[in-house]
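What follows is a set of notes on a single structure, which appears directly below.
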């Protein structure tokens, strides 16, 4: 025993005479006691591992035998000949083998490699440490900024919140886009599909929405599925330029990755959002896009020899997306109080919204925003077709005044789409139709919004008030775009003077019939601005006011001077009614043309 202690302490106790230690029994007992405290004896317990063997590998699909206790969505480790570990995900179980997909590069996996069951599901790091980072669907860093330091490991596959934990959506997600916030409002906890043809500005709209959410205490997770790495890098740089990357995480499944990683990407992004929702915070998840996600799952299913259905998609393609989007909800305050808002993207072909995956997503989500390629060609960005878009949450989340004017703008745009073809026809149109065409053009011009232009609810209400009330129906179109900027700039400079207007247009508990604050703002804008736009607006404003006053000024006033006839009392009128009825009955019937 003493000899072993001498060997162990040879390097640590240089300079100490070991002969003295041999003679001093007390020193020996003290050293032994010290070692027992610092190096306690570990109890050796046997660790039982379930081990299998690879019998097939190809195209990212791995089939394994010998794992009788494996479960769906379990993660397995394959020991390769190079000494590394490759992770695989269980997607199918039969009586004699387990079907898995390789999470990453599968070229190192060979037939006969040993497989170890972990009895664990896939988890991904989440927390403030992943904000501002670009990560893979399995949590590996892709931006070259070092190791991901998450606060917690979240399960990639997790059940959706049950019904009793959910609560109605009452808060609006202020995107800063006039057409979205007024006509197609999105609530915190809602699922709104964004669809349209390729190159219609879907990703651009999502990038601007993320930038406009700055300062609203919302954490954003952008999931790209099958995207190009160069475009993801440009997207990340765009967010960093506008200061939005600090509250955003990018989960990238690129076109170079195997379909298994693209399949996992949206679930990994939702898991990160659930971390913030569990803390009582609000999160936004953008899936770009789920049509590529469905194609990745179709590829995996066909390689697993599963029966194809419509468009060669497997039978559970609906469940693939429903279980993903059901995880987005507004949770009641007694549980966590957080929310996850989902904006899934889907690509259409030649404007066909009846495509299989598109209709599936429409039935799952709470509305959709349709981006029209024709509007894009007309120079309108974002190219949102409000007539073909809908939000099933409705106006209950909007301020009352904004809701009313949004409804007016939507109906006037719908009417414009009906009559705009008359303008190109060589026919005469009525003055009312001309006014509808002019107003529709100016509403579209106000909806045309450049990147970086973020409107508050008050500013959106001002713009809709000026347009829907007809003050700019005959204002030159080239001045309308300038008017939009001047109105917003004037409000922001004089915001302290319009506290009543700000309060009435920002809350839902005010009278929506009192428009005096909006009228006072417009009068003050005309009076205090000397620009060509303000002068032109004053001319049009005076015409509208004159047209409103003219009918009332020409109406006859009862009992006016020079009119000796006194109004009859109600009693006399009632007495006269029977006589009038008798006289009418005695009167001869009107002559009608004889029937031929």
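In the numbering used here, the protein residues as written are 999 to 1594. Glycine included, C-beta positions come from ideal geometry on N, C-alpha and C. All values derive from a computational prediction rather than experimental measurement.
**Message:** If you reduce the DSSP assignment to three classes, tell me which class residue 1467 lands in.
**Reply:** coil
**Request:** List the residues that DSSP assigns as beta-bridge partners of residue 957.
**Result:** Nothing can be reported for residue 957: it is not among the residues displayed for the chain, which extend from 999 to 1594.
**Request:** With a 10 Å radius around its C-beta and 16 neighbouring C-beta atoms as the bar for buried, classify residue 1166 as buried or exposed.
**Result:** exposed
**Prompt:** How would you write the range of the alpha helix (DSSP H) that residue 1374 sits in, first residue to last?
**Reply:** 1371–1375
**Asked** Based on Cα-Cα distance, which residue from 1111, 1091, 1084, 1244 lies nearest to residue 1100?
**Response** 1084
**Item:** Cut-off 8 Å between Cβ atoms - residues of its own chain near residue 1177, not counting five sequence neighbours on either side
**Value:** 1380, 1382, 1384, 1445, 1447
**Prompt:** Span of the beta strand (DSSP E) holding residue 1281?
**Reply:** 1280–1286
**Message:** Short of 8 Å in beta carbon distance, which residues of its chain neighbour residue 1072, apart from the five on each side in sequence? Order them along the chain.
**Reply:** 1087, 1088, 1115, 1116, 1117, 1118, 1119
**Message:** Within a Cβ cutoff of 6 Å, which residues of the same chain sit near residue 1437, ignoring the five residues on either side of it in sequence?
**Reply:** Same-chain partners within the cutoff: 1410, 1471.
**Prompt:** Taking C-beta to C-beta, are residue 1268 and residue 1156 nearer than 9 Å?
**Reply:** Contact flag set, yes.
**Prompt:** With residue 1264 and residue 1221 assumed to form a contact (beta carbons below 8 Å), what rounded beta-carbon distance in angstroms separates them?
**Reply:** By a beta-carbon distance limit of 8 Å, residue 1264 contacts residue 1221. Their separation comes to about 5 Å.
**Item:** Residue from 1113, 1146, 1208, 1111 whose Cα sits closest to the Cα of residue 1124
**Value:** Ranking 1113, 1146, 1208, 1111 by Cα distance to residue 1124 puts 1146 first.
**Asked** Which runs of the alpha helix (DSSP H) fall wholly inside the segment 1111–1194 and span at least 4 residues, in chain order?
**Response** 1176–1181
**Item:** Opening and closing residue of the beta strand (DSSP E) in which residue 1337 lies
**Value:** 1337–1345
**Request:** For the beta strand (DSSP E) holding residue 1050, just list the boundary residues, first then last.
**Result:** Looking at the DSSP string, the run of the beta strand (DSSP E) that includes residue 1050 is 1049–1056.
**Item:** Cut-off 7 Å between Cβ atoms - residues of its own chain near residue 1174, not counting five sequence neighbours on either side
**Value:** 1210, 1452, 1453.
**Prompt:** Between residue 1188 and residue 1339, is the Cβ-Cβ spacing less than 9 Å?
**Reply:** yes
**Prompt:** Okay, do the segment 1328–1339 and the segment 1185–1200 touch, 3+ Cβ pairs below 8 Å being the bar?
**Reply:** Touching, yes.
**Request:** With DSSP as the reference, label residue 1456 as helix, strand or coil.
**Result:** helix
**Asked** Who are the near neighbours of residue 1528 in its chain, counting only those whose CB is closer than 8 Å to its CB and skipping five residues on each side?
**Response** If we look at residue 1528 and ignore the five residues flanking it on each side, it has no Cβ neighbours.
**Message:** Does residue 1500 come out as helix, strand or coil in the three-state DSSP assignment?
**Reply:** helix
**Message:** Let me check understanding here. Comparing Cα to Cα, which of 1289, 1208, 1162, 1423 lies closest to residue 1196?
**Reply:** 1289
**Rounded distance between the beta-carbons of residue 1208 and residue 1237, thought under 8 Å** = 6 Å
**Request:** Count the other CB atoms, across all protein chains shown, that sit within 10 Å of the CB of residue 1259; report buried if there are 16 or more and exposed otherwise.
**Result:** buried
**Request:** Using the Cα positions of residue 1169 and residue 1378, report the straight-line distance between them to the nearest angstrom.
**Result:** 28 Å
**Message:** Applying the 10 Å Cβ sphere with the 16-neighbour rule, what's the burial state of residue 1475?
**Reply:** exposed
**Item:** Residues near residue 1403 by beta carbon distance below 8 Å, same chain, minus five either side
**Value:** 1180, 1459, 1462, 1463, 1466
**Request:** Just mark residue 1280 as buried or exposed, buried being the case when its beta carbon has 16 or more other beta carbons within 10 Å.
**Result:** buried
**Message:** What would DSSP say about residue 1273, mapped onto helix, strand or coil?
**Reply:** helix
**Message:** So if DSSP puts residue 1076 in a beta bridge, which residue, or which two residues, is it bridged to?
**Reply:** For residue 1076, which the question treats as bridged, DSSP gives the partners 1084, 1113.
**Asked** Who are the Cβ neighbours of residue 1051 in its own chain at under 8 Å, not counting the five residues just before and after it?
**Response** 1062, 1063, 1064, 1110, 1111, 1112, 1113
**Prompt:** Exposed or buried, residue 1070, counting other C-beta atoms within 10 Å across all chains shown (16 or more means buried)?
**Reply:** exposed
**Asked** What span of residues does the beta strand (DSSP E) with residue 1098 cover, start to end?
**Response** Where residue 1098 is concerned, the enclosing beta strand (DSSP E) stretches over 1096–1100.
**Message:** I'd like the span of the beta strand (DSSP E) that includes residue 1061, first residue to last.
**Reply:** 1059–1063
**Asked** By DSSP, does residue 1570 sit in helix, in strand, or in coil?
**Response** Residue placement at residue 1570 is poorly supported in this model, since its pLDDT is 43, which falls under 50; the coordinates still yield a value, given next. Helix, per DSSP.
**Item:** Counted within 10 angstroms of its Cβ, other Cβ atoms place residue 1667 as buried (16 or more) or exposed
**Value:** Since the first residue of the chain shown is 999 and the last is 1594, residue 1667 is not available in this structure.
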